[in-house]
Amino acid sequence: MTQQQSTVNWDEYISERGKMWEPSAIRGLFPLEKIPGMVSLLAGKPNAETFPFSAIKVDLKPIIPGDAVETLTIESDALSEGLQYGATAGLPSLNKWLENLQEVRHKRARDGSWGLSLGSGSQDLINKAFYSLVNEDDSILLETPVYSGTIGLLKRHKVNLMEVPVDTQGLDPEKLEDILANWKSKFPGKRFPKILYTIPTGSNPTGATAPLERRERVLALVRKYKLILLEDDAYHYLSFDPEHIVPSYFELEGRDGGEVGRVIRFDSFSKILSSGMRLGFVTGPKPILEIIDLHTANTNLQPSSTTQAMVLVLLNKWGLDGFLAHTRRVAAFYKDKRDMFEKVAHKYLDGLATWVTPEAGMFLFLDLHLTTDGTPGDSSELISATAVQKGVLAVPGVGFLPNGGRSSFVRVSFSLATEEDAELAFQRLRECILEARGEKA
Ligand SMILES: Cc1ncc(COP(=O)(O)O)c(C=O)c1O
Numbered sequence: 001m002t003q004q005q006s007t008v009n010w011d012e013y014i015s016e017r018g019k020m021w022e023p024s025a026i027r028g029l030f031p032l033e034k035i036p037g038m039v040s041l042l043a044g045k046p047n048a049e050t051f052p053f054s055a056i057k058v059d060l061k062p063i064i065p066g067d068a069v070e071t072l073t074i075e076s077d078a079l080s081e082g083l084q085y086g087a088t089a090g091l092p093s094l095n096k097w098l099e100n101l102q103e104v105r106h107k108r109a110r111d112g113s114w115g116l117s118l119g120s121g122s123q124d125l126i127n128k129a130f131y132s133l134v135n136e137d138d139s140i141l142l143e144t145p146v147y148s149g150t151i152g153l154l155k156r157h158k159v160n161l162m163e164v165p166v167d168t169q170g171l172d173p174e175k176l177e178d179i180l181a182n183w184k185s186k187f188p189g190k191r192f193p194k195i196l197y198t199i200p201t202g203s204n205p206t207g208a209t210a211p212l213e214r215r216e217r218v219l220a221l222v223r224k225y226k227l228i229l230l231e232d233d234a235y236h237y238l239s240f241d242p243e244h245i246v247p248s249y250f251e252l253e254g255r256d257g258g259e260v261g262r263v264i265r266f267d268s269f270s271k272i273l274s275s276g277m278r279l280g281f282v283t284g285p286k287p288i289l290e291i292i293d294l295h296t297a298n299t300n301l302q303p304s305s306t307t308q309a310m311v312l313v314l315l316n317k318w319g320l321d322g323f324l325a326h327t328r329r330v331a332a333f334y335k336d337k338r339d340m341f342e343k344v345a346h347k348y349l350d351g352l353a354t355w356v357t358p359e360a361g362m363f364l365f366l367d368l369h370l371t372t373d374g375t376p377g378d379s380s381e382l383i384s385a386t387a388v389q390k391g392v393l394a395v396p397g398v399g400f401l402p403n404g405g406r407s408s409f410v411r412v413s414f415s416l417a418t419e420e421d422a423e424l425a426f427q428r429l430r431e432c433i434l435e436a437r438g439e440k441a
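Read in UniProt numbering, the sequence shown has 76 at position 76, and its numbers run on one by one without any break.
Right, here's the structure in full:
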């Protein structure tokens, strides 16, 4: 692991609104409470003696069915910490645990150039990162099709959503370079972009995973054009071949001796521990994390201490190896689901739809062949009306286009489906497609 310092001038990237946050009058003093001998009379922390909980006990599912159920208990100091207001960036011990995970997983030495903050799901942190970076009239590069949740949060900013097409291997560096190199002639009057957002593993919605060579080329462009790359890797641990994980952008920027500090990485516990706990974490350069933390301190104060305490007791029990073993079991579960789902999709949709087999994540992105003359169709009405009437719910491709338009695609998720569900759903989708083509079901 080499140690490199960032040369990024964050003043050029932090938004006007991001620069306006001021330290919270109370939270700004929290660190001083840790000074030995300090008597803290900081207002606001309720007295934990009044809380009605004496312990939190968590039963773990046995790894091997039939084995004994293990109970983890959160009590005494850990309980007080888990029921109380706490550090803005997350419980310090959990924060440390996760920094160690990032160091090992992404091979980035803890050289002080990067840090980590927890948030209420990665969505919370992605939202805050955009808020910290985006001014009115900015242009933002979004791989397209893209996660509708990101489109949703960006819609309230008055910005230009610039679509960078993806193909079966994710973000296409050639198209990205074409946009950047010819910016002035292609988009006259539009501000040159500062941010590129991508979902490199098991993308939502396309399912695509960008291979190493692509990521290296994208990173080179990020450096050349002085962009900040937002790496939303919510499906990183849902890679179906855990022995051959493609290195993350966060890892890549630290390993070739080139400039560091242009990648902000988002991880989520939602797909591997629980989505209801609402915990995710952002890893990246300290100057941007400080702004995100100020945003948190001044708005929702912190992520839940209680769910953090539950995760911490679990991770301490598991250790790094146990955690990674768990993620491999989760990935294997979804791989089986994908295989089953795809088998049924082939049975009903061969000749009527095409798709790329996802190597990670939980989605098939089906390109529906809605016409018989080869012209591109539009799935919007078909999926939001006809399919619903026939009893199948899915997301039409238009939902993943930042600026709207026509799309022949539909996103279907295999995370919850049983084989019986898949049979019914694909049979019904088949009927919809045949009707659209004017063919008999
Ligand atoms: C690509 C992507 N990013 C972020 C999120 C938000 O996840 P979280 O539950 O961590 O907020 C999702 C959720 O589905 C997602 O698909």
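Ideal placement from N, C-alpha and C gives every residue a C-beta, glycine not left out.
By how many angstroms is the C-alpha of residue j removed from the C-alpha of residue i?
i, j, result
"Leu-116", "Lys-128", "14 angstroms"
"Met-277", "Glu-163", "32 angstroms"
"Ile-64", "Val-330", "14 angstroms"
"Phe-409", "Tyr-85", "45 angstroms"
"Thr-73", "Leu-32", "29 angstroms"
"Leu-364", "Ser-76", "46 angstroms"
"Ala-332", "Lys-34", "43 angstroms"
"Leu-393", "Ala-422", "12 angstroms"
"Glu-99", "Arg-110", "8 angstroms"
"Arg-191", "Leu-142", "15 angstroms"
"Lys-61", "Ala-436", "46 angstroms"
"Leu-230", "Arg-265", "6 angstroms"
"Ile-433", "Phe-269", "36 angstroms"
"Arg-406", "Pro-396", "10 angstroms"
"Arg-411", "Asp-124", "24 angstroms"
"Asn-300", "Leu-294", "10 angstroms"
"Ala-210", "Ser-80", "43 angstroms"
"residue 458", "Pro-36", "Lying outside 1 to 441, the shown extent of the chain, residue 458 is not represented and no answer is given."
"Asn-182", "Leu-176", "10 angstroms"
"Ser-305", "Ala-208", "34 angstroms"
"Ser-239", "Lys-337", "13 angstroms"
"Ser-415", "Met-362", "6 angstroms"
"Asp-256", "Val-388", "50 angstroms"
"Pro-46", "Trp-114", "33 angstroms"
"Arg-122", "Gly-280", "One point to set straight first is that residue 122 is Ser, not Arg, in the sequence displayed. Looking at the two C-alpha atoms, the distance is approximately 4 angstroms."
Nearest by alpha-carbon distance to residue i: which of the options is it?
i, options, result
"Gly-169", "Phe-333, Val-246 and Ile-383", "According to the sequence shown, residue 169 is Gln rather than Gly. With distances taken between Cα atoms, Gln-169 lies closest to Val-246."
"Glu-12", "Phe-51, Gly-86, Met-162 and Ile-228", "Ile-228"
"Pro-358", "Glu-420, Phe-400 and Pro-205", "Pro-205"
"Tyr-225", "Lys-194, Pro-287 and Leu-429", "Lys-194"
"Asp-378", "Gly-404, Val-388 and Ser-132", "Gly-404"
"Tyr-249", "Pro-242, Ile-56 and Pro-200", "Pro-200"
"Val-282", "Arg-255, Gly-119 and Val-313", "Gly-119"
"Thr-150", "Leu-221, Gly-351, Val-166 and Ile-126", "Ile-126"
"Lys-271", "Ala-234, Leu-424 and Arg-27", "Ala-234"
"Thr-371", "Gly-438, Pro-36, Thr-50 and Ala-87", "Gly-438"
"Val-58", "Thr-71, Asn-47 and Phe-51", "Thr-71"
"Lys-155", "Leu-424, Phe-426, Leu-401 and Ala-425", "Leu-401"
"Tyr-237", "Asp-267, Thr-418 and Leu-366", "Asp-267"
"Asn-160", "Asp-178, Thr-144 and Asp-137", "Asp-137"
"Ala-309", "Gly-66, Asn-95 and Ala-345", "Asn-95"
"Arg-17", "Leu-312, Ala-87 and Ile-292", "Ile-292"
"Val-398", "Asp-373, Glu-420, Leu-368 and Leu-424", "Leu-368"
Specify the secondary structure class of residue i as computed by DSSP and reduced to three states.
i, result
"Ile-199", "coil"
"Leu-227", "coil"
"Ser-139", "strand"
"Glu-70", "strand"
"Asp-339", "helix"
"residue 442", "Outside the shown range of the chain (1 to 441) lies residue 442, about which nothing can therefore be said."
"Ser-380", "helix"
"Val-330", "helix"
"Leu-29", "helix"
"Lys-45", "coil"
"Thr-357", "coil"
"Ile-64", "coil"
"Ser-132", "helix"
"Thr-144", "strand"
"Val-222", "helix"
"Ile-35", "coil"
"Ser-24", "coil"
"Lys-19", "helix"
"Ile-56", "strand"
"Asp-77", "helix"
Compute every distance between the C-beta of residue i and the non-hydrogen atoms of ligand 3, then say whether any falls below 8 angstroms.
i, result
"Ser-304", "Only ligand 1 can be found as ligands here, which leaves ligand 3 out of the picture."
With a threshold of 9 angstroms between beta carbons, is residue i in contact with chain D?
i, result
"Lys-194", "You won't find chain D in this structure, because it holds only one protein chain."
Which whole runs of the beta strand (DSSP E) in the stretch 89-129 are 3 residues long or more, in chain order?
Within the stretch 89-129, the complete beta strand (DSSP E) runs of at least 3 residues are 114-119.
At 4 residues or longer, what runs of the alpha helix (DSSP H) sit wholly inside the stretch 266-324?
With a minimum length of 4 residues, the unbroken runs of alpha helix (DSSP H) contained wholly in the stretch 266-324 fall at 286-298.
Any alpha helix (DSSP H) of 4 or more consecutive residues that is wholly inside the stretch 383-425
Listed in chain order, the complete alpha helix (DSSP H) runs (minimum 4 residues) inside the stretch 383-425 are 387-390.
Runs of 3 residues minimum, wholly inside the stretch 148-191: which ones carry the beta strand (DSSP E) assignment?
Counting only runs of at least 3 residues, the stretch 148-191 fully encloses the following beta strand (DSSP E) elements, listed from N- to C-terminal order: 160-167.
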